[in-house]
Amino acid sequence: MKALRKTILAVAMVGGLTVAASGCGVIDDTIEGLTATGPATPAPPAGGDGSEGTGTDIVVTAIVTSDAAKSGEILVTVDAPRDSQSFAEDSVELPFEHEFSVPTDVAFPFRGSRIEVDAGPGATWIECRIIVDGEEVATHRAEGGASTAVCERRLQLGPS
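So this is what it looks like as structure tokens:
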């Protein structure tokens, strides 16, 4: 007798929850989500099935200036989860500018960038700048003939 009461109570509760859930659209939304039909399924972006990136890349520009015609050793790195890039030379003509293109086909596509550059022969100063999508995010000016300028910008979640 006790088991029968528990069964009746369980059936009544399941039935009540089903009626309540169907009244607020939860069941319909769940079925649409599981069957991938209806307004719950967003359309893929134009030009693809949604597996490619949006087509807009992040542009990272490394800029080096000095009062000398050439720099000393230079190393530029762009850290990305799928496509990290770098540029290294013993010396470059100044002013120097190099662009990197970072695909945006993953979450958090850009982790950071770093420039390390030594002053060249006859220099009294050297300066580096990192520009990301047109916005300057790091700059450093080093004074002296044997100086090294270091610019770095790392992805930081939260306030920077």
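Each step along the sequence shown adds one to the number in this note's numbering, with nothing skipped, and position 95 is 590. Beta carbons: idealized from backbone N, C-alpha and C, even for Gly.
Going by DSSP in three states, residue i sits in which element: helix, strand or coil?
| i | result |
| --- | --- |
| T599 | coil |
| V506 | helix |
| A498 | helix |
| T560 | strand |
| T704 | The question about residue 704 has no answer here: the residues shown for the chain are numbered 496 through 655. |
| I625 | strand |
| D574 | strand |
If you compare alpha carbons, which of the options is closest to residue i?
| i | options | result |
| --- | --- | --- |
| V554 | V506, S566, P598, A637 | P598 |
| E611 | A602, T643, H593, A575 | T643 |
| A641 | E630, I621, R649, E631 | I621 |
| S561 | T619, A583, V506 | T619 |
| Q580 | L589, S566, A557 | A557 |
| F595 | G617, G629, A602, P616 | G629 |
| P590 | P576, F603, K565, P604 | K565 |
| E631 | F603, V559, G615 | V559 |
| A602 | K497, V506, D552, I503 | D552 |
Between which two residues does the beta strand (DSSP E) holding residue i run?
| i | result |
| --- | --- |
| S566 | Counting along the chain, S566 falls outside any beta strand (DSSP E), and DSSP gives it neither H nor E. |
| G607 | 607-613 |
| S579 | S579 -> no beta strand (DSSP E), and no H or E assigned at all. |
| V587 | Per DSSP, V587 belongs to no beta strand (DSSP E) and is neither H nor E. |
| T643 | 643-649 |
Kindly list the residues whose CB is nearer than 6 Å to the CB of residue i, restricted to its own chain and excluding five residues on each side of it in sequence; keep chain order.
| i | result |
| --- | --- |
| E568 | D585, D613 |
| R609 | T572, E647 |
| D574 | R606, G607 |
| R649 | G607 |
| P537 | At P537, the pLDDT of 48 sits below 50, so the modelled position is not reliable and the matter cannot be decided from this model. |
| F582 | V571, H593 |
| E638 | W620 |
| V627 | V555 |
Going by beta carbon distance, what residues of the same chain come within less than 7 Å of residue i, once the five residues before and after it are set aside?
| i | result |
| --- | --- |
| D578 | V597, P598 |
| R636 | W620, E622, A644 |
Short of 8 Å in beta carbon distance, which residues of its chain neighbour residue i, apart from the five on each side in sequence? Order them along the chain.
| i | result |
| --- | --- |
| T634 | E622, C623, R624, I625, C646 |
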